[in-house]
Structures are given as structure tokens and as C-alpha cells.
Amino acid sequence: MKQCATVCNETLTYCLEQGGEHVEPEHLQAMLDCAEICTLTATLHDRKSAFHKQAMALCAEACKACEESCEEFEGDATMQACADACRECYEHCSRA
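In C-alpha cells, the structure reads:
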């Protein structure tokens, strides 16, 4: 989860540098949501919070949405790496 948040934040910077389709509001929102929810979920997990399982379910949803948004940028290695990180986090959170 922490790794996914890091990748999303780094990719967000990349998107801002690229401009154009990379800065469409829905795409940026998906990345921001994913990074924030991954960070929150990791924190709740580390604290052994009673809300951890609910956070994992929400994290899976956010990661899936970000993965799908990033996959739309075919041929862009940075975006594909973000989609891969989100897919991995989605799979992890879905198993919880």
C-alpha cells in the first residue's frame, strides 16, 4: 500500500509535467484518491485499527479505478508502471 501511494504520487508529478490528457481532472482525481487511501490504509494496518478491513475494501476500489485510468495511456511506460503498482495493491487489498 505504501509503495502504491509512492508510485501514484510520483506519477502525479509526471502527469503534471506532461500536461494534455495526463492532467484531465478525472484522471488526476483517481490518482490522488488512490495515493491518499493507500496511505490511510497502511497507517490503519500498522496500528492494527478495528477499521482496517473496511479500509482495505475501499483501498481495493480506489486502486482499481486508478489502474484503469492509468492503463488508458498505452505506450507510456510511466503510466503503465503506475497501473501495475495499482493492480498489485488491488490484488493485495482484495484478499484481505
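Using our numbering, you'd call the opening residue of the sequence shown number 7 and step up by one each time.
Ideal placement from N, C-alpha and C gives every residue a C-beta, glycine not left out.
Please read all numbers here as calculations on a predicted model, not as lab measurements.
Taking the alpha helix (DSSP H) that residue i falls in, what are its first and last residues?
i: Ala11; result: 8-24
Give the straight-line distance between the Cα atoms of residue i and residue j, rounded to the nearest whole angstrom.
i: Phe57; j: Arg101; result: 16 Å
i: Cys88; j: Arg53; result: 27 Å
i: Ala61; j: Gly26; result: 32 Å
i: Leu18; j: Met85; result: 10 Å
i: Ala41; j: Cys10; result: 7 Å
i: Arg93; j: Leu22; result: 22 Å
i: Cys14; j: Met37; result: 6 Å
i: Ala68; j: Cys99; result: 10 Å
Figure out for me which residue from the options has the closest Cα to the Cα of residue i.
i: Lys59; options: Leu34, Thr47, Cys69; result: Thr47
i: Gln35; options: Glu16, Ser75, Cys10; result: Ser75
i: Ile43; options: Met85, Glu23, Thr12; result: Thr12
i: Glu73; options: His51, Leu50, Thr49, Glu32; result: Glu32
i: Phe79; options: Gln24, Tyr96, His98; result: Gln24
i: Leu64; options: Cys14, His28, Thr49, Tyr96; result: Tyr96
i: Thr45; options: Met7, Asp90, Ala91; result: Met7
i: Asp39; options: Ala91, Asp90, Ala71, Asp82; result: Ala71
Original post:
Which residue spans inside the region 40-83 form an unbroken alpha helix (DSSP H) run of at least 4?
Top reply: 58-77
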